[in-house]
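Be aware that the sequence shown starts at 24, since it is given in the numbering used here, and climbs by one per residue. Input: a single structure, listed below in structure tokens.
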Amino acid sequence: MNKTYQIQTVRTEKEMADALSVRRAVFIEEQQVPEELEIDEHDAASSGTIHFVAYDGQTPVGASRLRPYAPGVGKIERVAVQKTERGTGLGRLIMQAMEEVAREQNYETLKLNAQTHAQRFYEKLGYEPHGDVFDEAGIEHIAMVKKLK
């Protein structure tokens, strides 16, 4: 069964609430990340962060954000896919949508901190691990980087 997802940048308060609802379900409820670590200053409307939300029909099923990190460098964060949609290719589609926007924003490099269980997923998309595994919110992560140009 091939689903058609709609992935878009967040433009309205409702879309932002939808994106946050997915992040809450995945990170706060499922992975037990404290809310004060999950929802941060980069979620503020004034932060320059671009948020993404994915829908299956009217249902929000995926979310992520892309924020300025350094000149020419964007940081991908909070990539979340609802449990029901994992394994469908939605995560890859969200990443492709973010990379497209990152290119439009003239980012040359993208950086992310992957949960170690997701490292292979990002490697398949061309991200390379950098440095050592570290702990964030009680979950092992590894920094990864991809050149866009």
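Don't be surprised by glycine CBs; every beta carbon is placed ideally from N, CA and C.
For Val45, the enclosing alpha helix (DSSP H) stretches over residues Glu36 to Arg46. Here Asp41 is buried: its Cβ has 16 or more other Cβ atoms, across all protein chains shown, within 10 Å. Judged by their CB atoms, Gln128 and Ile165 are not nearer to each other than the 7 angstroms cut-off. Counting only residues of its own chain and dropping the five nearest sequence neighbours on each side, Leu43 has a CB closer than 8 angstroms to the CB of Ile62, Asp66 and Ala86. For Phe144, there is no enclosing beta strand (DSSP E); the enclosing alpha helix (DSSP H) covers residues Gln142 to Lys147.
Following the DSSP letters along the chain, one finds Glu151 inside the beta strand (DSSP E) bounded by residues Glu151 to Glu159. Just so you know, the alpha carbons of Thr132 and Ile73 end up roughly 16 angstroms apart.
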